[in-house]
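Heads up, the thing below is written out as structure tokens.
In the numbering used here, the protein residues as written are 17 to 393.
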């Protein structure tokens, strides 16, 4: 495979030289880092990364290839991929092809040979920022001008690019083109898709639930017309502040049905309750983030992927803060008993990541059953 010289550049003028292990071209987005040692396929297909260029802090990537089972959406979502060393010779019994082949097929620019340790340290010091990768405009001054002219990440509605186009059913047979519940499971869960990950649906199905997935712009009236037992609001990409149309829908749904939000869904719930959000300096992205469950006083090692946070001091007094991040004390989970609404900032569906927080799906189904007390084990 030919290796084309590539330039990785941040909007503050910092740049690195490497080589493409996929295609040639140019791409732009917010450059962020993920601290996971494994899980690159799930990361690359996570819709929450739409509009972002991801760099992996672990130095060797590609050694277990790509398989057909670990997709978290139907396509690659990242704008670009930055690594230290690419391993084309993969070894795994499930693997179907190499990472480089797969990214090339999906027209995604991947670069190796970058000092990812230096890049990560720079982002930690100065914060995540816009950037780009090019194999074409190799003059740093000219490429910097292009980066500055590229769309901003903050303030944009990116959910519109990842939500489903029409409703569909997800049950024991997987995804089906139906626009109503079958009534084949114990629970009926309406899912508002802001960029959901497939493992969230799979975990509901494992718990005898069937899901009806709606585009994120679906009205509250249309969702309630299907009489679901509970409502789930998924993760998704970008800044939650511009998503006031979804916030309005959630306000109309709260109190009518039990509610569970993950990641962006948590941020939208926070806004529906009256709080605002703010951008974290470099975000939380990885599969090793410690979170304290304030209800049972246990520490959970969690999978995370977010760059924004809800201001916990602005939440109503009847909001129970259930989880906090042990690295920076930011808000990670809330519960409003009167509304039967709960949410977490991180990813309990563990794709990739530890299984410490899977119990939250059971907690939500307890709410669906009418229980309010002792829902957190």
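Idealized CB from N, CA, C, for every residue including glycine.
Just so it is clear, the structure is predicted and the values come from calculations on it, not from any experiment.
Exercise. Write down every uninterrupted run of the beta strand (DSSP E) in the stretch 123-184 whose length is 3 residues or greater and which is fully enclosed by it, in chain order.
Key: 126-128, 145-150
Quiz item: Hey, which unbroken runs of the beta strand (DSSP E) at 3 residues or more fall wholly within the stretch 213-247?
Solution: 225-231
Self-check item: First and last residue of the uninterrupted beta strand (DSSP E) at residue 294
Solution: Against the chain shown, residue 294 aligns to sequence position 278. Per DSSP, residue 294 belongs to the beta strand (DSSP E) from 293-309.
Exercise. Measure the Cβ-Cβ separation of residue 81 and residue 108 and say whether it is below 9 Å.
Key: Taking the first residue of the chain shown as 1, we reach residue 81 at position 65. Taking the first residue of the chain shown as 1, we reach residue 108 at position 92. Closer than 9 Å, so yes.
Quiz prompt | Residue environment, residue 105, which counts as buried when at least 16 other CB atoms sit within 10 Å | solution = If you number the chain shown from 1, residue 105 lands on position 89. Classification of residue 105: exposed, given that the 10 Å Cβ count is below 16.
Exercise. Check the C-beta distance from residue 335 over to residue 311 and give it rounded, since I have them as a contact under 8 Å.
Key: Indexing the chain shown from 1 puts residue 335 at position 319. Indexing the chain shown from 1 puts residue 311 at position 295. About 14 Å separates the two Cβ atoms, so there is no contact after all.
Quiz item: How would you label residue 75, buried or exposed, when you count the other beta carbons within 10 angstroms and need 16 or more for buried?
Solution: Taking the first residue of the chain shown as position 1, residue 75 is located at position 59. Exposed.
Self-check item: Under the three-state DSSP convention, the category residue 109 falls into
Solution: Taking the chain shown and counting its residues from 1, the one referred to as residue 109 is at position 93. Three-state result, residue 109: coil.
Quiz item: Under 9 Å between the Cβ atoms of residue 208 and residue 240?
Solution: Here residue 208 refers to the residue found at position 192 when the chain shown is read from its first residue. Here residue 240 refers to the residue found at position 224 when the chain shown is read from its first residue. The answer is no: Cβ separation not under 9 Å.
Quiz item: Expressed to the nearest angstrom, what Euclidean distance is found between the alpha-carbon atoms of residue 182 and residue 192?
Solution: Start at 1 with the first residue of the chain shown, and residue 182 comes out as number 166. Start at 1 with the first residue of the chain shown, and residue 192 comes out as number 176. Computed Cα separation, rounded: 12 Å.
Exercise. Determine the contact status of residue 72 and residue 47, defining contact as a CB-CB distance below 9 Å.
Key: Against the chain shown, residue 72 aligns to sequence position 56. Against the chain shown, residue 47 aligns to sequence position 31. Cβ atoms of residue 72 and residue 47: not closer than 9 Å.
Quiz item: Can you give, in chain order, each stretch of the beta strand (DSSP E) that sits fully within the stretch 26-69 and has at least 3 residues?
Solution: 31-36, 42-50
Exercise. Could you tell me the distance, in whole angstroms, from the CA atom of residue 321 to the CA atom of residue 384?
Key: Position 305 of the chain shown, counting from 1, holds the residue named residue 321. Position 368 of the chain shown, counting from 1, holds the residue named residue 384. Approximately 27 Å between the Cα atoms of the pair.
Self-check item: Sub-9 Å separation of residue 212 and residue 251 beta-carbons
Solution: Your numbering for residue 212 matches position 196 in the chain shown. Your numbering for residue 251 matches position 235 in the chain shown. Contact flag set, yes.
Practice problem: With DSSP as the reference, please indicate the residues paired to residue 71 in a beta bridge. | Solution: Here residue 71 refers to the residue found at position 55 of the chain shown. BP columns for residue 71 point to 49, 98.
Quiz item: So, using beta-carbon positions, are residue 365 and residue 377 closer together than 9 Å?
Solution: Within the chain shown, numbered from 1, the residue matching residue 365 stands at position 349. Within the chain shown, numbered from 1, the residue matching residue 377 stands at position 361. The answer is yes: Cβ separation under 9 Å.
Quiz item: Of the residues 169, 315, 60, which one's Cα is nearest the Cα of residue 89?
Solution: By one-based count along the chain shown, residue 89 stands at place 73. Residue 60 is the option with its Cα nearest to residue 89.
Exercise. State the Cα-Cα distance for the pair residue 11 and residue 78, rounded to the nearest angstrom.
Key: Residue 11 is absent from the structure shown; the chain starts at 17 and stops at 393.
Quiz item: Under the criterion of a Cβ to heavy atom distance below 8 Å, does residue 162 qualify as lining the ligand MN?
Solution: The ligand MN is not part of this structure, which contains no ligands at all.
Practice problem: Please determine, among 286, 111, 145, 303, the residue with the shortest C-alpha to C-alpha distance to residue 54. | Solution: Mapped onto the chain shown, residue 54 falls at position 38. Answer by Cα proximity: 303.
Quiz item: Taking buried to mean at least 16 other C-beta atoms within 10 Å of its own C-beta, is residue 67 buried or exposed?
Solution: Translated into positions along the chain shown, residue 67 becomes position 51. So residue 67 counts as buried.
Quiz item: To which residues of the same chain is residue 258 closer than 7 Å at the C-beta, ignoring the five residues directly before and after it?
Solution: Residue numbering aside, residue 258 sits at position 242 when the chain shown is read from its first letter. Within the same chain, residue 258 has close Cβ partners 171, 172, 173.
Exercise. For my contact list, residue 326 and residue 293 are in at a C-beta cut-off of 8 Å; report their separation, rounded to the angstrom.
Key: Here residue 326 corresponds to residue number 310 of the chain shown, with the count starting at 1. Here residue 293 corresponds to residue number 277 of the chain shown, with the count starting at 1. That pair is a contact at about 6 Å.
Quiz prompt | Rounded straight-line distance, which links the Cα of residue 39 to that of residue 126 | solution = Within the chain shown, residue 126 is the residue found at index 110, counting from 1. Within the chain shown, residue 39 is the residue found at index 23, counting from 1. Approximately 7 Å, taken between the alpha carbons.
Exercise. Could you check the C-alpha separation between residue 238 and residue 324 for me, to the nearest Å?
Key: Residue mapping note: residue 238 aligns to position 222 of the chain shown, counting from 1. Residue mapping note: residue 324 aligns to position 308 of the chain shown, counting from 1. Going by the C-alpha atoms only, they are around 29 Å apart.
Quiz item: Tell me, which residues are paired with residue 192 by DSSP?
Solution: What you label residue 192 is simply residue 176 of the chain shown in a count that begins at 1. According to DSSP, residue 192 bridges with 185.
Exercise. May I ask you to list the residues that DSSP assigns as paired with residue 21?
Key: Translated into the one-based positions of the chain shown, residue 21 becomes position 5. Paired residues: 35.
Self-check item: residue 288 in three-state terms, based on DSSP
Solution: Mapped onto the chain shown, residue 288 falls at position 272. Helix at residue 288.
Quiz prompt | Cβ-based neighbour list, residue 275, same chain, cut-off 6 Å, excluding 5 preceding and 5 following | solution = Start at 1 with the first residue of the chain shown, and residue 275 comes out as number 259. Within the same chain, residue 275 has close Cβ partners 247, 357.
Self-check item: Residue burial classification, residue 123 (beta-carbon count within 10 angstroms, cutoff 16)
Solution: Here residue 123 is taken as the residue at index 107 of the chain shown, counted from 1. Result: exposed.
Quiz item: In terms of residues, what are the limits of the beta strand (DSSP E) holding residue 203?
Solution: Within the chain shown, the letter at position 187 stands for residue 203. Where residue 203 is concerned, the enclosing beta strand (DSSP E) stretches over 203-209.
Quiz item: I think residue 163 touches residue 44, with their Cβ atoms under 8 Å apart; what is that distance to the nearest whole Å?
Solution: By 1-based counting over the chain shown, the position of residue 163 is 147. By 1-based counting over the chain shown, the position of residue 44 is 28. That belief holds up - the Cβ atoms of residue 163 and residue 44 are roughly 6 Å apart, short of 8 Å.
Practice problem: Report yes if the CB atom of residue 110 is closer than 9 Å to the CB atom of residue 84, and no otherwise. | Solution: Residue mapping note: residue 110 aligns to position 94 of the chain shown, counting from 1. Residue mapping note: residue 84 aligns to position 68 of the chain shown, counting from 1. Yes, the Cβ-Cβ distance between residue 110 and residue 84 is below 9 Å.
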